[in-house]
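J.:
There are 2 protein chains.
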Amino acid sequence: MNKIGKYGDIIRCIPDYGGFFMQKVRRTERIVAMTKVLTDQPNQLFSLNHFSSLFGTAKSTISEDLGIIKEAVVNYGIGIIETLPGATGGVRYLPYSTTDRIQQLVEQLCIKLTNPERVIPGGFLYMSDILFSPQLMTSVGAIFLTKLAASKPDHILTVETKGIPLAMMTARAFNVPVVMVRRDSRVTEGSSVSINYISGS
Amino acid sequence: MNKIGKYGDIIRCIPDYGGFFMQKVRRTERIVAMTKVLTDQPNQLFSLNHFSSLFGTAKSTISEDLGIIKEAVVNYGIGIIETLPGATGGVRYLPYSTTDRIQQLVEQLCIKLTNPERVIPGGFLYMSDILFSPQLMTSVGAIFLTKLAASKPDHILTVETKGIPLAMMTARAFNVPVVMVRRDSRVTEGSSVSINYISGS
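First to last, the protein sequences are chains A and B. When we follow our numbering, the leftmost residue of the first sequence carries the number 42, and every step to the right adds one. When we follow our numbering, the leftmost residue of the second sequence carries the number 42, and every step to the right adds one.
(1) What separation, rounded to the nearest whole angstrom, lies between the Cα atoms of residue 146 of chain A and residue 238 of chain B?
(2) So, do the segment 128-141 of chain A and the segment 176-184 of chain A have three or more beta carbon pairs nearer to each other than 8 Å?
(3) Start and end of the beta strand (DSSP E) containing residue 105 of chain B?
(4) What are the residues in the segment 192-206 of chain A lying within 7 Å of chain B by C-beta distance?
(5) Exposed or buried, what is residue 126 of chain B when buried is set at 16 or more other beta-carbons lying within 10 Å of its beta-carbon?
(6) Is the separation between the beta-carbon of residue 87 of chain B and that of residue 120 of chain B shorter than 8 Å?
(7) Output needed for residue 144 of chain B: all residues of its chain with C-beta closer than 8 Å, excluding positions within five of it in sequence on either side, in chain order.
(8) Helix, strand or coil: which one does DSSP assign to residue 135 of chain A?
(9) Which runs of the beta strand (DSSP E) fall wholly inside the segment 128-187 of chain B and span at least 3 residues, in chain order?
(10) Does DSSP classify residue 70 of chain A as helix, strand or coil?
(11) Is there a Cβ from chain B that is less than 8 Å from the Cβ of residue 229 of chain A?
(12) Could you pull the start and end residues of the beta strand (DSSP E) that residue 125 of chain B belongs to?
(13) Does the structure place the segment 201-210 of chain B close enough to the segment 200-214 of chain A that three or more beta carbon pairs sit under 8 Å?
(14) Roughly how many whole angstroms lie between the Cα atoms of residue 234 of chain A and residue 224 of chain A?
(15) Go through its chain and collect everything with a Cβ distance to residue 91 of chain A's Cβ below 8 Å, but skip five positions before and after it.
(16) What is the rounded straight-line gap between the Cα of residue 104 of chain A and the Cα of residue 226 of chain B?
(17) Span of the alpha helix (DSSP H) holding residue 211 of chain B?
(18) What does residue 249 of chain A touch in chain B if you count any residue whose Cβ is under 9 Å from its own?
(19) Alpha carbon to alpha carbon, how far is residue 79 of chain A from residue 161 of chain A?
(20) Can you list the residues of chain E that residue 76 of chain B reaches, using a CB-CB cut of under 7 Å?
(21) Is there a Cβ from chain A that is less than 8 Å from the Cβ of residue 129 of chain B?
(22) Keeping to the same chain, check which residues put their C-beta closer than 7 Å to that of residue 215 of chain B; ignore five residues upstream and five downstream.
(23) Rank B:200, B:231 and B:141 by C-alpha distance to the C-alpha of residue 164 of chain A and give the top, closest one.
Below you can see the structure in the form of structure tokens.
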């Protein structure tokens with residue numbers, strides 16, 4: 042652990058190579074930070090000025106860094122980095138899933154769901170553990186983004202209660218708020234619109 | 042856009058520097074991919090073998106890469122990369138918030154909450170927009186991790202309904218499942234434990 046922890050320090054202490062390595066280390070560190078910031082907030086547009094002032098480097102340098110991140114993200118099939126030109130432009134990360142990953146996840150879910158132990162009294166299928174798994178719902182949210190990106194939603198709507206986790210993770214991928222439909226209105230939530238309908242289920 | 046998109050290709054086409062740059066580009070690309078994988082699944086332990094076989098490189102190379110990521114993550118205050126030694130060991134990302142970031146977020150929330158337009162009939166405070174914002178709840182979840190990491194929870198428990206988004210994002214930071222307490226039991230969720238108590242509110 043110590044060896045890893047001191048790796049950067051050792052590099053930085055070599056005076057002959059200092060200038061060169063410092064630059065390399067700085068670029069790599071910037072790339073780590075930018076990757077984290079971009080992938081942590083999917084669909085959020087960041088201006089190049091934002092990163093430029095964050096790291097105290099020229100916009101052209103940030104552009105080069107983004108080029109590397111862009112290529113890596115595509116090469117490893119972990120999404121897309123999109124750059125939008127112009128004054129209102131910037132860069133954002135879209136967590137698109139590849140067809141292979143979607144296939145893999147769907148197969149995993151099928152295996153989980155066909156487990157006979159899931160059948161509970163009354164013939165219902167127990168699914169709460171799947172619906173309340175943050176990691177799984179993050180992956181499913183990314184699939185919704187991949188399939189529905191063209192529809193550019195303003196909100197993700199869900200009916201309480203068990204749909205909320207998936208709605209949250211889908212909304213995170215789209216970077217839009219969640220709207221929750223309640224079965225009953227609450228005084229704590231202000232004025233409401235009520236719709237009565239005949240349910241098919 | 043094209044310029045950025047082709048950046049990697051241009052570098053790769055310089056024959057004299059090919060070998061050198063290829064290596065550098067490969068390392069940087071690996072670091073981008075590893076940063077994404079680690080930060081996207083907080084608290085998930087990955088063995089060095091996992092990355093070693095994913096990228097087809099030696100474990101010592103992966104160790105060096107992790108050293109760079111570790112340092113960058115600390116330097117930019119975006120969490121901690123923890124390496125656990127031994128056969129069952131590996132590496133994981135903990136999205137700890139710095140005191141400055143926590144302070145900043147709390148101040149932002151205070152400004153939002155003191156907006157007089159939030160007071161709705163009956164004197165209640167409207168908060169649903171905040172509670173259902175994926176980005177905000179991700180940040181608050183990271184604060185819960187920072188403050189409560191020592192308690193090592195097995196699950197994050199919440200009472201339906203409005204607590205679910207925050208519980209999901211906290212559970213994501215801790216990498217544990219969410220348990221939802223319902224006001225009424227449902228036949229679709231199997232056997233249940235009921236507790237009656239006198240509420241103070």
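Ideal Cβ positions, reconstructed from N, Cα and C, are used throughout, including at glycine.
T.: Quick look at the numbers:
(1) So the alpha carbons of these two residues sit roughly 41 Å apart.
(2) In short, these stretches touch, since the Cβ pair count reaches three.
(3) Not the beta strand (DSSP E): residue 105 of chain B falls in the alpha helix (DSSP H), residues 100-116.
(4) Against chain B - using a Cβ distance shorter than 7 Å - the residues of the segment 192-206 of chain A are 201, 202, 205 and 206.
(5) For residue 126 of chain B, the number of other beta carbons within 10 angstroms of its own is below 16, and it is reported as exposed.
(6) No, the pair does not count as a contact, with Cβ atoms beyond the cut-off.
(7) The beta carbon of residue 144 of chain B lies closer than 8 Å to none in the same chain, with the five residues before and after it left out.
(8) Three-state DSSP puts residue 135 of chain A in a strand.
(9) Look at the segment 128-187 of chain B and you find these whole runs of beta strand (DSSP E), each 3 residues long or longer: 131-135.
(10) The answer is helix: DSSP assigns residue 70 of chain A an H, G or I state.
(11) Residue 229 of chain A has a beta carbon lying within less than 8 Å of a beta carbon in chain B.
(12) Per DSSP, residue 125 of chain B belongs to the beta strand (DSSP E) from 121-125.
(13) Touching, per the Cβ criterion.
(14) One C-alpha to the other measures close to 11 Å.
(15) So the list reads 131, once near-sequence residues are dropped.
(16) C-alpha separation (whole angstroms): 55 Å.
(17) 205-215 is the extent of the alpha helix (DSSP H) around residue 211 of chain B.
(18) Here chain A covers residues 42 to 242 and nothing more, so residue 249 of chain A does not appear.
(19) Cα to Cα, the separation comes out at about 42 Å.
(20) The displayed structure is made up of protein chains A and B, and chain E is not among them.
(21) For residue 129 of chain B, the answer is no, since every Cβ of chain A falls outside 8 Å of its Cβ.
(22) So the qualifying residues of the chain are 84, 186, 194 and 197.
(23) Closest by alpha carbon: B:231.
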